[in-house]
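Residue numbers (my numbering), protein chains in the order written: chain A, 1 to 194; chain B, 1 to 189.
Before any comments, here is the structure.
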């Protein structure tokens with residue numbers, strides 16, 4: 001059993017391995033075959049209703065973009081409040097657990113909003129983003145962010161926080177802020193490309 | 001009034017720094033990115049406070065404590081957004097000052113400021129009686145809902161500024177020309 005071999009850090013080690021393997025795959029020639037094979041999927045995305053609406057009505061596309069930005073704002077707020085608490089910077093007079101758990105509920109809805117609006121936007125400009133390297137960087141950052149959040153950070157903070165080494169907690173909080181900032185920054189970068 | 005705004009915008013546009021900022025690909029994008037990414041600090045905190053009042057977030061954290069602790073980072077965020085917003089306006093003053101969306105955004109920002117003042121006034125007057133309740137009283141909830149609505153439209157207007165649907169350089173209806181403040185015979189856009 002992996003748990004027995006890797007001890008209490010099984011999930012973290014597996015997550016880091018998956019992220020590392022994905023990154024290695026993405027930055028080597030191994031990706032080219034997959035990249036070519038998924039092109040029809042992107043062509044199909046543009047033919048869906050979402051793709052049609054996104055391409056035809058600029059106003060609808062911009063409105064959904066605004067929804068995406070609001071989702072990003074709320075998600076960022078949750079990350080900053082929750083990780084800020086772990087870093088001892090904000091809401092220090094409220095128990096860790098309360099802040100982390102309550103922020104996580106809002107985070108979930110913000111992430112869903114981001115994913116839903118993101119899929120709509122991707123359909124509208126599917127072939128454009130297919131050829132944009134920065135779009136793939138954003139997807140990598142997003143997958144890394146979600147894996148980190150749900151497979152590393154959440155299981156970690158589910159433990160009694162007093163029993164966790166404070167340095168580990170602070171490093172987790174900093175990593176969480178950085179990974180979500182990277183998601184937002186690469187998303188912004190898409191706007192400047194192509 | 002429209003002519004005065006246009007002349008001031010032209011004056012900004014003629015300054016060296018405005019041209020430098022507008023023409024600098026990296027600097028303009030840095031300023032714009034900072035403006036957008038600071039949403040996570042400003043709007044993120046604000047929406048969490050509003051959701052707390054509505055009972056959808058952090059219901060077991062005292063409302064006054066939650067709002068007070070999040071106020072400071074939120075104000076830092078809004079300060080950064082304000083500074084970068086002024087720089088973005090300064091970089092493209094003529095087109096921005098005649099943007100319908102920019103004008104709506106400015107009106108809503110004033111509405112938000114008034115709403116925030118009333119919200120805090122009402123909250124400080126009555127918070128001791130409902131501080132630990134999951135949902136704030138109706139008056140406070142209305143303020144929170146207005147804040148969520150106004151800011152969502154502000155984000156939308158900010159996004160729409162990038163689109164040229166109602167720009168003065170194109171033929172527009174009399175209503176749009178009035179709202180955008182297009183000036184007869186203007187030569188710069």
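No residue lacks a Cβ here, since even glycine has one placed at the ideal position from N, Cα and C.
- By a beta-carbon distance limit of 8 Å, residue 186/A contacts residue 138/A. Their separation comes to about 4 Å.
- Shown here, residue 95/A sits in coil according to DSSP, grouped into three states, outside any helix or strand.
- Chain B places no beta carbon closer than 8 Å to that of residue 100/A, leaving this residue out of the contacts.
- Relative to residue 6/B, the option among 39/B, 83/B, 99/B whose CA is nearest is 99/B.
- Nearest CB-CB separation between residue 156/B and chain A: below the 8 Å threshold.
- At a cut-off of 8 Å, the C-beta of residue 160/B has a neighbouring C-beta in chain A.
- Your pair residue 192/A and residue 126/A does not check out as a contact, with CB atoms roughly 19 Å apart and the cut at 8 Å.
- Against chain A, a Cβ distance below 9 Å from residue 65/B picks out 91, 93, 94.
- The beta carbon of residue 90/A sits closer than 7 Å to the beta carbons of 81, 84 from its chain, once the five residues preceding and following it are set aside; these are given in chain order.
- By alpha-carbon distance to residue 120/B, the top candidate from 78/B, 154/B, 71/B is 71/B.
- The criterion of a C-beta distance shorter than 8 Å is satisfied by residue 110/A and residue 74/A.
- Between the beta-carbon of residue 35/B and that of residue 28/B there is about 11 Å, and that puts the pair past the 8 Å contact cut.
- With a cutoff of 8 Å on beta-carbon distance, residue 115/B and residue 143/B are scored as near each other.
- Secondary structure of residue 27/A (DSSP, three-state): coil.
- For the 8 Å CB-CB criterion, residue 62/A and residue 95/B do not form a contact.
- Residue range 58 to 86 is occupied by the alpha helix (DSSP H) that includes residue 78/A.
- Distance check between residue 62/B and each of 71/A, 37/A, 59/A, 94/A places 94/A closest, using alpha-carbon atoms only.
- Taking the beta carbon of residue 11/A as reference, no residue of chain B falls within 9 Å; the closest one sits roughly 27 Å away.
- The three-state secondary structure of residue 149/A, taken from DSSP, is helix.
- Contact with chain B is absent for residue 18/A, since none of that chain's Cβ atoms lies less than 8 Å from the residue's Cβ.
- Closest in C-alpha terms to residue 32/A, from the list 184/A, 133/A, 190/A, comes 133/A.
- When DSSP states are grouped into helix, strand and coil, residue 48/A belongs to the coil group.
- In this structure the segment 148 to 167 of chain B touches the segment 55 to 70 of chain A; the number of beta carbon pairs closer than 8 Å is three or more.
- Residue 157/B: member of the alpha helix (DSSP H) spanning 138 to 160, first to last residue.
- 56, 57, 58, 59, 60, 61, 65, 66, 69, 70, 73: these are the residues of the segment 55 to 85 of chain B whose beta carbon lies less than 8 Å from some beta carbon of chain A, given in chain order.
- Take the alpha-carbon of residue 124/A and the one of residue 34/A: they are about 22 Å apart.
- The CB of residue 72/A comes closer than 8 Å to the CB of 39, 40 in chain B, given here in chain order.
- Under the three-state reduction of DSSP output, residue 69/B falls in the helix class.
- For residue 44/B, a Cβ of chain A is located within less than 8 Å of the residue's own Cβ.
- Contact of residue 63/A with chain B is assigned, a C-beta pair being separated by under 8 Å.
- A residue is called buried once 16 or more other Cβ atoms fall within 10 Å of its Cβ, and residue 174/A, having fewer, is exposed.
- Listed along the chain, the chain A residues whose CB falls inside 8 Å of the CB of residue 132/B amount to none; the nearest CB is some 13 Å away.
- The closest CA to that of residue 45/B, considering only 47/A, 106/A, 19/A, is found on 106/A.
- Between the beta-carbon of residue 140/A and that of residue 26/A there is about 6 Å, and that keeps the pair under the 8 Å contact cut.
- Taken in chain order, the members of the segment 100 to 127 of chain A whose beta-carbon sits within less than 8 Å of a beta-carbon on chain B are 102, 103, 105, 106.
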